[in-house]
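What follows is a short report on a single structure.
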Amino acid sequence: MNQNEIDIFLNEVSAIRKTTDAIKKRYQCFTSENFTIFELFSPNENTISNVLSYLLDPAQTHCQGRLFLDAFVNSLNGRKSINGHEIFVPSFKQSIHVSTEYTIKDNRRIDIVIKSQDSVLAIENKAYGAADQTNQLADYAKWVRSISENKSLLVYLSQNEPSRESLGNSDEERKQTSELTVNYTFKNLAETLNRCIPQIKSEKVRVFVECMILYIRSYICGEVTVPNNFLIESIGNDRDKIAAVFEIRNNFDALIESAENNFFEELTKQIQKEFGDDVKVYRSESLRLN
């Protein structure tokens, strides 16, 4: 693909983006597509745990029964533990009890615990990347195993991998903890909740869950855009346009680096224009354009 073809494609993409932005701006009072009630209350990890435990409890006032619990449990089926072992996924066919901030030995508190007569599932929520405590997951795993030796599971709900220090002091302890623990990202959670949407019978609950999904994707997963259907339809099966997309994708890191450099250079010029050429502007390596 030559430079001229790429330029034509980029101009078309730019035009589509501007048109899409204009349409969104005109009709945003009807759609409010970026609105989510959660951002108004600055939820912390406890808030996220409370919302999730509420949805997972069939007895709660959402009145959707086992919809969310079954969807969550089913999404765990087929997964491996963090060291690649088969895991036991409780089906919770019997009556269950859902708790938050469940206190165990040494005043450890597990974010969410789901217990039935013979099974237990514990969830450690790291929504905002809080650091693991030393032996944290190891202690949780010991407690979970003490409740049900062969019918227990520990879910590490986070965008990151658990730390080595959290899994235990010895290789054997880390092995035992890892065999009982499964990684589950907030992207996984958003996908699971999204699969529930068509089956939610209450309009109020559906809107609430949609807001929760949007909040997770935007504020926890860091997703900042939704698919542009106009752009996707424009590209279609056009080989030249698809080739241009791959050309951009293959050079994406370099393009971002170039944009960052240009932004910093322009920012430096504006600062020195305002405060004088003697002002030194230093760039932090943690600063990235998203």
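Under this note's numbering, the first residue of the sequence shown is numbered 1, with each subsequent residue one higher. Just so it is clear, CB atoms sit at the ideal spot from N, CA and C, and this is done for glycine as well. All values reported here derive from a predicted model rather than from experimental measurement.
| In three-state terms, what does DSSP make of Leu-55? | DSSP places Leu-55 in helix when its eight states are reduced to three.
Spatially closest choice to Thr-177 from Leu-189, Gln-159, Arg-195, Val-155, by CA coordinates:
Ranking Leu-189, Gln-159, Arg-195, Val-155 by Cα distance to Thr-177 puts Val-155 first.
Q. Using 8 angstroms as the Cβ pair cut-off and three pairs as the minimum, do the segment 198 to 215 and the segment 107 to 117 touch?
A. No, the segment 198 to 215 does not touch the segment 107 to 117.
Selection from Ala-141, Ala-59, Asp-278, Lys-273 that minimises the alpha carbon distance to Lys-151: Looking only at Ala-141, Ala-59, Asp-278, Lys-273, the smallest Cα-Cα distance to Lys-151 is reached by Ala-141.
So for Glu-149, helix, strand or coil by DSSP? Note: Glu-149 maps to coil in three-state DSSP.
- prompt: Is the segment 86 to 105 touching the segment 187 to 196, taking contact as three or more C-beta pairs under 8 angstroms?
  reply: These segments do not touch.
Practice task
My understanding is that Leu-180 touches Ser-81, with C-beta atoms under 8 angstroms, so please give their C-beta distance in whole angstroms.
Solution key: At roughly 7 angstroms, the Cβ-Cβ gap stays under 8 angstroms, so Leu-180 and Ser-81 are in contact.
Leaving out five residues before and five after Arg-164 in sequence, what residues of the same chain have Cβ atoms less than 8 angstroms from its Cβ? Short of 8 angstroms from the beta carbon of Arg-164, and not among the five residues preceding or following it, lie these beta carbons of its own chain, in chain order: Arg-174.
What's the gap between the Cα of Asn-160 and the Cα of Asn-83? Rounded to the nearest angstrom, the two C-alpha atoms are 15 angstroms apart.
Using 8 angstroms as the limit for Cβ to Cβ distance, is Asn-74 near chain B? The structure shown has no chain B; it contains just one protein chain.
Check: Alpha carbon to alpha carbon, how far is Ala-259 from Phe-88?
Finding: Roughly 48 angstroms separates the two Cα atoms.
* Quick one: complete beta strand (DSSP E) runs, 3+ long, within the segment 103 to 165? -> For the segment 103 to 165, the continuous beta strand (DSSP E) assignments of 3+ residues that do not extend past its boundaries occur at 109 to 115, 120 to 126, 152 to 158, in sequence order.
Checklist entry - Cβ atoms of Thr-36 and Tyr-215: under 8 angstroms apart, would you say? => result Yes.
Margin query: Check this for me: beta carbons of Leu-121 and Pro-90, under 8 angstroms apart or not?
Written below: Between Leu-121 and Pro-90, the CB-CB gap stays under 8 angstroms.
| task | Measure the alpha-carbon distance for Gly-65 versus Val-113 and round it to whole angstroms. | result | Their Cα atoms are separated by approximately 18 angstroms.
Please confirm whether Ala-130 and Ser-166 have their CB atoms less than 8 angstroms apart.
-> With respect to Ser-166, Ala-130 sits apart: the two C-beta atoms are not nearer than 8 angstroms.
Between Asp-118 and Pro-162, which are expected to be in contact by the criterion C-beta below 8 angstroms, what is the C-beta distance as a whole number of angstroms?
Not really, about 26 angstroms apart at Cβ, beyond 8 angstroms.
Assign Glu-274 to buried or exposed, taking buried as 16 or more other Cβ atoms, counted over all protein chains shown, within 10 Å of its Cβ.
Around the beta carbon of Glu-274, fewer than 16 other beta carbons sit within 10 angstroms, so the residue counts as exposed.
Quick check on the DSSP output: what are the complete alpha helix (DSSP H) runs of length 4 or more inside the segment 42 to 94, in order along the chain? Counting whole runs of 4 or more residues, the segment 42 to 94 contains the alpha helix (DSSP H) stretches 45 to 56, 67 to 76.
Here's a check: name, in chain order, each residue in its chain whose Cβ is nearer than 6 angstroms to the Cβ of Ile-220, leaving out the five neighbours to either side. Closer than 6 angstroms at the Cβ level, and outside the excluded window around Ile-220, lie Ala-127, Phe-186.
Suppose contacts are defined by Cβ-Cβ distances below 8 angstroms. Is Thr-352 in contact with Ser-53 by that definition?
Residue numbering for the chain in the displayed model covers 1 to 290; residue 352 lies beyond these limits and cannot be assessed.
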